[in-house]
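Protein sequence lines correspond, in order, to chains A and B.
Residue numbering for the first sequence follows our numbering, beginning at 8 and increasing consecutively.
Residue numbering for the second sequence follows our numbering, beginning at 23 and increasing consecutively.
These notes concern the structure reproduced below.
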Amino acid sequence: MKKRIILTPYIVWCIVFIIVPMVLVLFFGLTDESGKFTTRNLCEVFLYPDVFLRSLWLGFKATAICLVVGYLSALIISRLNVKLQKILIILVMLPMWMNFLLKIYSLMFILQDNGFINGILSSFGFSKFNMMNTEGAVILGMVYNFLTYMILPIHSSLVEIDEKLLDAAKDLGANYFMTFVKVIFPLSIPGIVSGIAMVFIPSVSTFILSKMLGGRQNFLVGDIIDMHFLGGIYDPHIGSAISLVLMILLLICTGIINQLQNENKSKKGALVI
Amino acid sequence: MNFGFKKNKIIFFILFFLILGFAAFILFKYIMLSKQNKEASLILNVYNWGNHISDGTNGYLNVNEEFEKNTGIKINYTTYPDNESLYAKLAASGTKYDVIIPSDYMIDKLKKENMLQKLDFSLIPNSSYIDEEFKNLEHDPQNEYSLPYTWGIIGIYYNKSIVSELEKEIDWNILWNKKYEKNILMFEGNPRDSFLIALLKLGFSINTTNKNELEMAANEIIKQKPLIKGYVSDQVFERVSSGETALAPYYADAWIINNKDKNLGFTIPKNTNKFLNSICVPANAEHPKEAMMYINFLCDPEIASQNISGIGYSTPENAAREKIESKFYHSKILYPDEDIIKNAQVLKNLPQDTNDLINDLWLKTRASKSNDTTKLVLIFLIFSCVYIGLKFYKSLKNKRKLNKGNLVIV
Numbered sequence: 008m009k010k011r012i013i014l015t016p017y018i019v020w021c022i023v024f025i026i027v028p029m030v031l032v033l034f035f036g037l038t039d040e041s042g043k044f045t046t047r048n049l050c051e052v053f054l055y056p057d058v059f060l061r062s063l064w065l066g067f068k069a070t071a072i073c074l075v076v077g078y079l080s081a082l083i084i085s086r087l088n089v090k091l092q093k094i095l096i097i098l099v100m101l102p103m104w105m106n107f108l109l110k111i112y113s114l115m116f117i118l119q120d121n122g123f124i125n126g127i128l129s130s131f132g133f134s135k136f137n138m139m140n141t142e143g144a145v146i147l148g149m150v151y152n153f154l155t156y157m158i159l160p161i162h163s164s165l166v167e168i169d170e171k172l173l174d175a176a177k178d179l180g181a182n183y184f185m186t187f188v189k190v191i192f193p194l195s196i197p198g199i200v201s202g203i204a205m206v207f208i209p210s211v212s213t214f215i216l217s218k219m220l221g222g223r224q225n226f227l228v229g230d231i232i233d234m235h236f237l238g239g240i241y242d243p244h245i246g247s248a249i250s251l252v253l254m255i256l257l258l259i260c261t262g263i264i265n266q267l268q269n270e271n272k273s274k275k276g277a278l279v280i
Numbered sequence: 023m024n025f026g027f028k029k030n031k032i033i034f035f036i037l038f039f040l041i042l043g044f045a046a047f048i049l050f051k052y053i054m055l056s057k058q059n060k061e062a063s064l065i066l067n068v069y070n071w072g073n074h075i076s077d078g079t080n081g082y083l084n085v086n087e088e089f090e091k092n093t094g095i096k097i098n099y100t101t102y103p104d105n106e107s108l109y110a111k112l113a114a115s116g117t118k119y120d121v122i123i124p125s126d127y128m129i130d131k132l133k134k135e136n137m138l139q140k141l142d143f144s145l146i147p148n149s150s151y152i153d154e155e156f157k158n159l160e161h162d163p164q165n166e167y168s169l170p171y172t173w174g175i176i177g178i179y180y181n182k183s184i185v186s187e188l189e190k191e192i193d194w195n196i197l198w199n200k201k202y203e204k205n206i207l208m209f210e211g212n213p214r215d216s217f218l219i220a221l222l223k224l225g226f227s228i229n230t231t232n233k234n235e236l237e238m239a240a241n242e243i244i245k246q247k248p249l250i251k252g253y254v255s256d257q258v259f260e261r262v263s264s265g266e267t268a269l270a271p272y273y274a275d276a277w278i279i280n281n282k283d284k285n286l287g288f289t290i291p292k293n294t295n296k297f298l299n300s301i302c303v304p305a306n307a308e309h310p311k312e313a314m315m316y317i318n319f320l321c322d323p324e325i326a327s328q329n330i331s332g333i334g335y336s337t338p339e340n341a342a343r344e345k346i347e348s349k350f351y352h353s354k355i356l357y358p359d360e361d362i363i364k365n366a367q368v369l370k371n372l373p374q375d376t377n378d379l380i381n382d383l384w385l386k387t388r389a390s391k392s393n394d395t396t397k398l399v400l401i402f403l404i405f406s407c408v409y410i411g412l413k414f415y416k417s418l419k420n421k422r423k424l425n426k427g428n429l430v431i432v
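Dropping the structure here:
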């Protein structure tokens, strides 16, 4: 009984802010303007295969870069002494305290044709090169904004590894590389899995990054949803249908990501599907 | 030894009093604020374009502040980036606005959908200052629903250090010139904006409902795509003045008159688009009377002249124009010659099927919308197969492990 009372606020929160909006998206996605059931919206969504592919591909690239960079940084940080670790983790989290939009604006300032990087390059006599409004700028924006979510879970799973295991591996004659492959890496997989999920999903559904850094040359899924709710084409029904399809696609992706870790340990993981 | 303990205690007390003082301060402030709110009778919700009122930042009058000072009515001022966002917000009708400022074709659309109420001109005596040429226009033939606020035309901003053509030679065709590849910035908030310039280039009516003409315009947009540096809805001025962009079509603005950089130019092609932003009151406004007071205040020639100087567009009130600085008054950019204004076309509200066609064509050019549905179905199938395959492989592996375990025990 007591447990239930404690859970009530959470359940109310879930219903009001998660279940109700989901039902609304479902309702809007499957009805037309007069409120009648229709599959027209869903059919419309399937006319944008390239946009979905592009979003997934960009999200995949950003996640891959985040994984490599994030894993290495987490590994290096976790090998340091506790005091230094604390400072570095705070430094990793520091950008999270800043407004998302502000970070994108500062990135724009850095990448512009007359921005920071090109300013340095031209002062050394190199010619300027265009970085804004490219696919690379969008990926950089994703990595820059979501890297923290990769480092933190990997770091915490690396710190949890018992020192004795490493000593045991050493005693049994493993060098550092073998210890990493056989002991450290498998034990850090739960962190990697939640890291990938936390980078991949916001990357695929972002719209502001491609709007500000990509110049809207080619649309991402988030752009099209944005267009249908706030932009030039006002049609919340199609917008909801696109969100619905995107949600299902991301659900499948999360399922695939979660298959990467061992079932027995999945109880410890962030997401269970 | 005890010193450390004492120091901790002192720090603790200092912190304690600081927090206490801070809390008391917030409480005090809160009480004062709620008292003030009770005194202020009501709040007027004004919804306007971004940068579309003088806010005191460039030396002119802060219009909203002045109104609050004169009347005691508080203004809740919010902004939107384009007509379609305004429409989306009104259609979703979460918030009730008292004053909105849409432009020509959107007024017609809102009026037809019964989202506007008639203005009470007995409360707006200053409406008599509006020039005759801005009355009885197509979007509001009886002058019942709207009162002109600002107007302007679209031209091309260009950087003389990059663009070699003379001002006379510049027309819409230059935006398709391969010489300026990746050096052209297009403004756009919605599909109609991007069709506008393509239609002007082809010499068609910007309100065409002809399918062939619209398809030709869509082809022009596709042709132009590789030359474009970015599609933006603002940021045009920053990017042109930093020398980052050679050409950018945009609204005529006093910004160019105030800017001292000699490399910046602005030219108005012969056939262009003219826009008129008018003040309206939504049908569900909560304070229509105060809204009329606000509109009357905005039309006062003294206020309007300060306001238009701060905004940078052109005013539909000659009485206000006479009060602005001569560099604005005589500007051919803000008040171009008669023949340009006569040739300029106005955006009109289009029938729904034409709007749908434009949206569809535009999404094909920009979001690579296709007619092929199988591709995305295939993506779904592949992803599902990968998921099921992985799951199956894992259960197989676990079974094998279990079997092995059993063998060992046996």
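Glycine included, each C-beta is placed from N, C-alpha and C at the ideal position.
Bear in mind that the values here come from a model prediction, so they are computed numbers and not experimental data.
| Check | Outcome |
| --- | --- |
| Using a Cβ-Cβ cut-off of less than 9 Å, list which residues of the segment 84-96 of chain A approach chain B; keep chain order. | none |
| Is there a Cβ of chain B sitting closer than 7 Å to that of I280(A), yes or no? | Confidence at I280(A) is low in this model, with a pLDDT of 45, below 50, so the placement of that residue should be treated as unreliable; the coordinate-derived value is given next. No - not a single Cβ of chain B is within 7 Å of the one on I280(A). |
| List, in chain order, every chain B residue whose beta-carbon is nearer than 9 Å to that of N48(A). | Here the premise fails: no neighbours, minimum Cβ distance about 13 Å. |
| Who are A270(B)'s beta bridge partners in DSSP? | Y179(B) |
| Quick one: Cα of L169(B) to Cα of D193(B), how far? | 32 Å |
| Check whether chain B comes within 7 Å of Y112(A), counting only Cβ atoms and requiring the distance to be less than that. | no |
| Which of helix, strand or coil does DSSP assign to F226(B)? | coil |
| Does the beta-carbon distance from P358(B) to D153(B) come in below 7 Å? | no |
| Jot down the residue ranges of each uninterrupted alpha helix (DSSP H) in the segment 290-324 of chain B, minimum 4 residues, whole runs only, in chain order. | 310-321 |
| Just the chain B side, please: which residues come within less than 9 Å of N137(A) by C-beta, in chain order? | K204, K251 |
| Mind checking the segment 368-390 of chain B against chain A and listing, in chain order, the residues whose C-beta falls within less than 7 Å of any C-beta there? | N381, R388, A389, S390 |
| List, in order along the chain, the chain A residues whose C-beta lies closer than 8 Å to that of G211(B)? | G238, G239 |
| Between the alpha carbons of I317(B) and L188(B), how many angstroms are there, rounded? | 43 Å |
| Going straight from the alpha carbon of Y180(B) to that of S227(B), what length do you get? | 25 Å |
| Taking its Cβ as the centre, do 16 or more other Cβ atoms sit within 10 Å of E347(B), making it buried, or is it exposed? | exposed |
| M138(A) to Q119(A), Cα distance in whole Å? | 7 Å |
| Measure the alpha-carbon distance for G66(A) versus L216(A) and round it to whole angstroms. | 12 Å |
| Check each candidate in K284(B), K296(B), L249(B), K349(B) and name the one with the smallest Cα separation from D215(B). | K296(B) |
| Under 9 Å, CB to CB, which of the residues in the segment 391-403 of chain B have a partner in chain A? | K391, S392, N393, D394, T395, T396, K397, L398, V399, L400, I401, F402 |
| For K110(A), which residues from the same chain have a beta carbon less than 8 Å from its beta carbon, with the 5 sequence-adjacent residues on both sides left out? | P102, Y151, N152 |
| Indicate whether at least one CB of chain A lies closer than 7 Å to the CB of S406(B). | yes |
| Does E360(B) pass the burial test, meaning 16 or more other C-beta atoms within 10 Å, or should it be called exposed? | exposed |
| Look at V368(B) and D126(B) and say whether their C-beta atoms are less than 7 Å apart. | yes |
| Return the residues of the segment 99-121 of chain B that lie within a Cβ-Cβ distance of less than 8 Å from chain A, sorted by chain order. | D104, E106, S107, Y109, A110, A113, A114 |
| Are there three or more Cβ pairs, one per stretch, closer than 8 Å when the segment 121-137 of chain A is compared with the segment 189-202 of chain A? | no |
| Less than 7 Å between the beta carbons of A305(B) and Y241(A), yes or no? | no |
| What residues in its chain sit with their C-beta under 6 Å from that of A69(A), if we drop five residues either side in the sequence? | I146, M149, V150, S210 |
| Which same chain residues, not among the five before or five after Y202(B), have their C-beta less than 7 Å away from its C-beta? | L249, A268, L269 |
| If you run the structure through DSSP and keep just helix, strand and coil, what is P102(A)? | helix |
| Identify every residue that forms a DSSP beta bridge with F44(A). | T38(A) |
| Quick check on the DSSP output: the alpha helix (DSSP H) that includes I206(B) runs from which residue to which? | Not the alpha helix (DSSP H): I206(B) falls in the beta strand (DSSP E), residues 206-209. |
| If I measure Cβ to Cβ from Q246(B) and keep anything under 7 Å in the same chain, skipping five residues before and after, which residues do I get? | L197, W198 |
| Taking 7 Å as the threshold (beta carbon to beta carbon), is L412(B) in contact with chain E? | Going by chain labels, chain E is absent from the structure shown, which instead holds the protein chains A and B. |
| On the DSSP letters alone, give me the boundaries of the beta strand (DSSP E) that V254(B) sits inside. | 250-254 |
| Any contact between the segment 52-64 of chain A and the segment 171-190 of chain A? By contact I mean 3 or more CB pairs, one from each, below 8 Å. | no |
| Sort D77(B), K413(B), E87(B) by Cα distance to I263(A) and report the nearest one. | K413(B) |
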